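Residue numbers (the working numbering): 13 to 173. Just so you know, even glycine gets a beta-carbon here, dropped at the ideal spot from N, CA and C. Keep in mind that this is a model prediction, so the values were computed, not measured. As structure tokens, the structure follows; a few thoughts come after it.
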């Protein structure tokens, strides 16, 4: 199966935003901060007011995080990412090509494939993923077929030695 697409800034922003929102480390940090805020607020206000204030702080943390991430990603617009890509599921590897590189990732080295709103991500390491926007697939069925095929290839590949 071969897919061709171009990543846009919004694709990368969405991927990073969801990735950070699902991060136990970042969520834990924000929850710990909010616990301290709640304890401080509950000394001065009722529990309901303290809870509302803490919730507002939690929302503010995520808005600030999103704004910071947007500025950070915008400042380093990576031409290697924001370009045309070709991803191909081959028998022994995942092939990725841009005008800057050609890469083969053997199936026993591919970590996982995830489906998220707006994109599919194929993790080729714990810190690197190929972000494929939904518009790259001609239909929801083709998107599901791609995910299934990659999962099958990862599952049946020989284990790492």
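Is the beta carbon of residue 158 sitting closer than 9 Å to the one on residue 143? Taking 9 Å as the Cβ cut-off, residue 158 and residue 143 do not qualify as a contacting pair.
In the DSSP assignment, find the unbroken beta strand (DSSP E) run with residue 138 in it and report its ends. First-last for residue 138: undefined, no H or E at that position.
Identify every run of the alpha helix (DSSP H) within the region 83–113, keeping only runs that are complete inside it and at least 4 residues long; order them along the chain. none
Bounding residues of the beta strand (DSSP E) (the contiguous stretch that carries residue 127): 124–128
Between the alpha carbons of residue 107 and residue 156, how many angstroms are there, rounded? 19 Å
Rounded C-alpha distance that separates residue 68 from residue 23: 27 Å
Rounded separation between residue 97 and residue 87 - CA only: 22 Å
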